[in-house]
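In the numbering used here, the protein residues as written are 3 to 130.
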């Protein structure tokens, strides 16, 4: 099964009260977004698609070549971010995971279980 992952990383993180994009704040000396990328790759997603907006250049620099990027120029919410990614993913896989870029406690095991549950699910969606 071909797995694609959308990682939502365009938000401003206004509650953080910081100039640093929310997904770049460190937890245990590691930017938040790297935890999400690691979990996505462990679940079988080769090159996650990261939706960027606020601090786009800094996010790209931090992530490097380990992902693809799509700019959400106008940030109209989470559903809009997923819509921005749609054209990049059409026909590219069997399953799309959508996760936030600020989830350091999301483990590879949890992601693998989510993929497993969806593979036996009769419906179009499994949520965590």
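Virtual Cβ for every residue (Gly too), placed ideally from N, Cα, C. Since the model is a prediction, treat every value here as computed from it, not as a measurement.
Cβ neighbour criterion (16 or more within 10 Å) applied to residue i
i           : result
residue 101 : buried
residue 7   : buried
residue 130 : exposed
residue 19  : exposed
residue 45  : buried
residue 53  : buried
residue 121 : exposed
Alpha-carbon to alpha-carbon, residue j and residue i
i           : j           : result
residue 125 : residue 96  : 13 Å
residue 68  : residue 50  : 8 Å
residue 127 : residue 61  : 29 Å
residue 73  : residue 30  : 28 Å
residue 118 : residue 43  : 15 Å
residue 3   : residue 83  : 24 Å
residue 70  : residue 79  : 20 Å
residue 5   : residue 17  : 32 Å
residue 98  : residue 21  : 31 Å
residue 92  : residue 116 : 21 Å
residue 59  : residue 88  : 22 Å
Contacting residues, own chain, Cβ-Cβ under 7 Å from residue i (five flanking each side not counted)
i          : result
residue 56 : 12, 13, 14 and 23
residue 86 : 53, 72 and 74
Close beta carbons around residue i, own chain, < 6 Å, minus the five adjacent residues each side
i           : result
residue 103 : 9, 10, 11, 25, 35 and 38
residue 90  : 51 and 72
residue 123 : none
residue 48  : none
Close Cβ partners of residue i (< 8 Å) along its chain, the five nearest in sequence each way excluded
i          : result
residue 41 : 101, 105, 108, 109, 110, 112 and 113
residue 64 : 26, 33, 35 and 36
residue 77 : 12, 13, 14, 55, 56 and 83
residue 94 : 4 and 6
Notebook entry, point to check: Which runs of the beta strand (DSSP E), 3 residues or longer, sit entirely within the segment 59-118?
Noted result: 70-73 and 97-102
Next item on the list: Counting only runs of 4+ residues fully inside the segment 23-49, write out the alpha helix (DSSP H) ranges in chain order.
Entry: 34-44
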